[in-house]
Amino acid sequence: MQTAKVANWVSPKLSLNKPARHGPHRTLAPKAKISLTQWKIGHKVCTRHGILVRKALSRESPERALQGNQSDTTKDAGPRVDKAPSIPEKGLPRTWYPITVHGNLSHRPLAVRVLGEDLVVWRDSEGAISVLKDRCPHRLVPLSEGHVDAETGKDVPRFPVVETGDIVWAWLGDPEDPALQDSALLPGQYYPFLSSLEKKPKKTFSRVLPVDVSVVLENFFDPAHIPFAHHGKQGTRDDAGPIAFDAKEENTSAEHLSLNFADVTRGKTRSGTLNFKPPVGFWFETLSETQKKGGLGLFCVPVEPGVTRLFIVFLHFPQAILDNSPAWFLHKANNDFLDTDTLLLQAQTRRIQQEAADGQMQVGAKATAPIEYYHYGSPADRFVSIFWQWFHKHFNATIPYSKHIPSAPLMSRSEILDRGAQHVDTCLSCSQMRDRLDKAPYFLGAALLCASVWLRQRPFVVTIMIVATLLIGQWIRGLRRSFGFTDYVHANVKK
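Using our numbering, you'd call the opening residue of the sequence shown number 2 and step up by one each time.
Have a look at this one:
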């Protein structure tokens, strides 16, 4: 049984067993049994309204240790558990869900919401990872507000965890489901584009968008929007035109939706395939007229109705750029791209939710295709039409939010496009770069002051240094703004 321990009235502290390798996955083998008895109340720190929480850690019980290191890959496909927390699936494929990117983890607990459920995830000093429900069994306070401690404590059940590339996955279904042991459902097997991740730099990007997962997927299945919404980023408005379409019946099954297309980007023709494999995997691959390959893998994880966590995996990306670019630089480029249509999609989500509130249509837990509210005026709209027909037939009423969550309130532009809260705060690379940029003006000022004193007999040189410092400071301020709210106005983007 998988557990983590929760101890006497201090903040959560965790430690798990070292992960075992299973092919492209790193699996955390369960070793301890759950026990939630004999709570010991601490003294001096026990307060009625405080947010102090119990320590949490994994305590290995040798007599109950489960073996996870046999050579048989079928038996060893996933972690063994006797009992663990479960989020009902209500029809979704019995598979794993992406939780976070490995590079975002430190020894401090990280709060993550998935399917309306608050989770906490952390990595111990040996690199092992735990995922638990983000609440202390004693008083239901959030474990994510505590700190990691390796002392003894009480047991808290944890979710089975695997890693593929640099993505941390957790099994959120029934831990007694035989599907947990099915190697075909491990992410690297279930989503074919993940098979090559082990050979590439791990630069997966994640961001939380205030957009419903159904709207995110609709957008991905709409190549016609690219020349307009992403003008200057991916193609231009001049690329707009007829789009060839192909959807075979065998490619629109409940297990896999696949549509072929051919369009023009930056004046060159290309062909491609759009794929979605429930519950969260989308990927597209393209081939240009010059035989250049392109593509991305994306995971669209429902956070709650109207909110989606997006993971972006680079496919067919220039290897030299991945090898030599810092993660924060690649993440900035992703944020710049996503901002081009996030505002539009959030408004679309809200309007669909408003129709749902009026009893006309619902998204999220009870999604209904908004076909009657759309005006299909172009042959290219067939992509959206086919997607919604498929979504309504195979995906309707199957997003397993743990409880009813009301629609999000009206958001300002700064909230919708706040890449700080949606990405930077939980990304170690970007948050560290933001901190450096915050400190840079002080170092520049100190350096200028010292140079001015040292070179006071050479006023011309001092003047040049002042001008250079001001220019560098201006550049730093501009770069720093890109780590927070960055407005994007389509009307201001010129041809």
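Beta carbons are placed, not taken as given, at the ideal position from N, Cα and C, and that holds for glycine.
Query                                                                                                                        : Result
CB-CB length for SER148 against ARG109, believed under 8 Å                                                                   : Residue 148 is actually His in this sequence, not Ser. Confirmed, about 7 Å.
Rounded C-alpha distance that separates PRO303 from LEU456                                                                   : 59 Å
Spatially closest choice to GLY499 from ARG435, ILE467, GLN458 and GLN433, by CA coordinates                                 : Lying before the first or after the last residue shown, residue 499 is absent from the chain, which here runs from 2 to 496.
Backbone secondary structure at GLN68 - three-state DSSP                                                                     : Confidence is the limiting factor: at GLN68 the pLDDT is only 27, short of 50, which leaves the residue's position unreliable, though a coordinate-based value still follows. GLN68: coil per DSSP, three-state reduction.
Start-to-end residues for the beta strand (DSSP E) that takes in ARG310                                                      : 308-315
Under the three-state DSSP convention, the category LYS294 falls into                                                        : strand
Residue of THR96, LYS134 and GLU219 minimising C-alpha distance to PRO179                                                    : THR96
Three-way DSSP call (helix, strand, coil) for PRO228 in this model                                                           : helix
Chain-order list of residues whose beta-carbon lies under 7 Å from that of SER483 (same chain, five-residue window excluded) : LYS333
ARG420 and ASN336 closer than 8 Å at C-beta                                                                                  : yes
Buried versus exposed, by CB contacts within 10 Å (16 or more), ASP247                                                       : exposed
Residues near ALA230 in its chain [Cβ-Cβ closer than 7 Å; skip 5 each side]                                                  : THR341, ASP342 and LEU345
Cβ pair ASP213, PRO306 closer than 8 Å                                                                                       : yes
Rounded straight-line distance, which links the Cα of LEU299 to that of PRO280                                               : 12 Å
Straight-line Cα distance separating VAL132 from GLY500                                                                      : Any answer about residue 500 is impossible in this case: the structure gives the chain only from 2 up to 496.
Member of PRO188, HIS232 and PHE222 whose CA lies at the smallest distance from the CA of TRP391                             : PHE222
Where the alpha helix (DSSP H) through SER126 begins and ends                                                                : Taken as a continuous stretch (DSSP letters only), SER126 belongs to no alpha helix (DSSP H), as it is neither H nor E.
Close Cβ partners of SER145 (< 7 Å) along its chain, the five nearest in sequence each way excluded                          : PRO110, LEU111, ALA112, VAL121 and ASP135
Same chain only: Cβ atoms within 8 Å of TYR191, ignoring 5 sequence neighbours per side                                      : THR96, TRP97, ALA185, LYS278 and GLY282
Straight-line Cα distance separating CYS428 from ILE211                                                                      : In the sequence under discussion, the amino acid at residue 211 is Pro, which differs from the Ile named in the question. Computed Cα separation, rounded: 18 Å.
Distance CB(PHE330)-CB(LEU418) smaller than 8 Å                                                                              : no
Beta-carbon proximity list for LEU560, same chain, < 8 Å, skipping 5 on both sides                                           : Summary: the structure shown does not reach residue 560, with the chain confined to residues 2 through 496, and so no result is reported for it.
PHE194 and PRO224 closer than 8 Å at C-beta                                                                                  : no
Cβ pair PHE160, LEU260 closer than 8 Å                                                                                       : no
ILE168 - partner residues in DSSP beta bridges                                                                               : VAL102 and THR165
CB-CB length for ALA328 against GLY104, believed under 8 Å                                                                   : 7 Å
Delimiting residues of the beta strand (DSSP E) encompassing ASP264                                                          : 257-266
Contact under 8 Å by Cβ, PRO442 with GLY479                                                                                  : no
Helix, strand or coil at HIS50 according to DSSP, with G and I counted as helix                                              : Any answer about HIS50 is weak, because its pLDDT of 26 lies below 50 and its placement is not dependable; what the coordinates show is given next. Three-state DSSP puts HIS50 in coil, outside helix and strand.
GLN354 beta carbon less than 8 Å from that of MET412                                                                         : no
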